[in-house]
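In the working numbering, the protein residues as written are 73 to 295. Here's the structure we're looking at; comments come further down.
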């Protein structure tokens, strides 16, 4: 995948680093000298383009027309909106991601402005904190399918309702699946007859409805 990242703040730098590790083609555009000094410590030189991103000539030079994704994550919301709009309408970039710096501007980052994915860091952080408080001893490892599903890790406590229960008897919602069990350091394939033991580390993929059911089964204060 060919990814063009506008803005070298920590969000852009970390994203570039992760994508490069996954062997994607990445180019990050940044012009601020102080930021560039840090970027050159984190990223390969050929992954950095030292120019102002709000320049049509620069966008042409970096090959925006060949990009699969444009990530607009500058520190200016107006710039991010303009970049997403231009990427879609002028350069026909298939997918755009826009970073929201000020939560009050979130309503602008929508399909009408040709922002496919709005990255609202404040909202994401608040949501994750709320989920962690709700789920207690459970931990969300990843969000899947645009946030519609979660990969969750749970540890079976001595007083959990699932102790001694077979997977086939859990009566979980349709969109909730036990994906794996780690017991004494060994991975166990979650077949129907497997029963949960105290200390089992359980991985599940679920939607929000399934999360509520898992809380009841695995969290002590809901048993």
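By construction, the Cβ of each residue, glycine as well, lies at the ideal position given by its N, Cα and C atoms. Model, not experiment: these values are computed from the prediction.
In the DSSP assignment, residue 152 falls within the alpha helix (DSSP H) that extends over 149-161. Going by C-alpha positions, residue 130 is about 33 Å away from residue 217.
According to the DSSP secondary-structure assignment, residue 234 is paired through a beta bridge with no residue. Here the C-alpha atom of residue 212 lies approximately 32 Å from the C-alpha atom of residue 184. Your pair residue 278 and residue 210 does not check out as a contact, with CB atoms roughly 10 Å apart and the cut at 8 Å.
Contact between the stretch 102-111 and the stretch 160-175 is absent: fewer than three C-beta pairs spanning the two stretches fall below 8 Å. The three-state reading of DSSP puts residue 136 in helix, counting H, G and I together. Between residue 192 and residue 79, the CB-CB gap reaches or exceeds 9 Å. Residue state for residue 229 is assigned as coil, using DSSP reduced to three classes. For residue 109, the uninterrupted alpha helix (DSSP H) run begins and ends at 105-114, by DSSP. Secondary structure at residue 244: coil, using DSSP grouped into helix, strand and coil.
Here residue 290 carries a helix assignment [DSSP, helix/strand/coil]. Around the beta carbon of residue 283, a 10 Å sphere encloses 16 or more other beta carbons of the protein chains shown; the residue is thus reported as buried. For residue 93, no beta strand (DSSP E) encloses it; the enclosing alpha helix (DSSP H) starts and ends at 82-93. Within the same chain, and ignoring the five residues on either side of residue 120 in sequence, the residues whose Cβ sits closer than 6 Å to its Cβ are 100, 111. Assigned with DSSP and collapsed to three states, residue 176 falls in helix.
Per DSSP, the beta bridge partners of residue 102 are 122.
Going by DSSP, residue 258 is part of the beta strand (DSSP E) stretching over 258-260.
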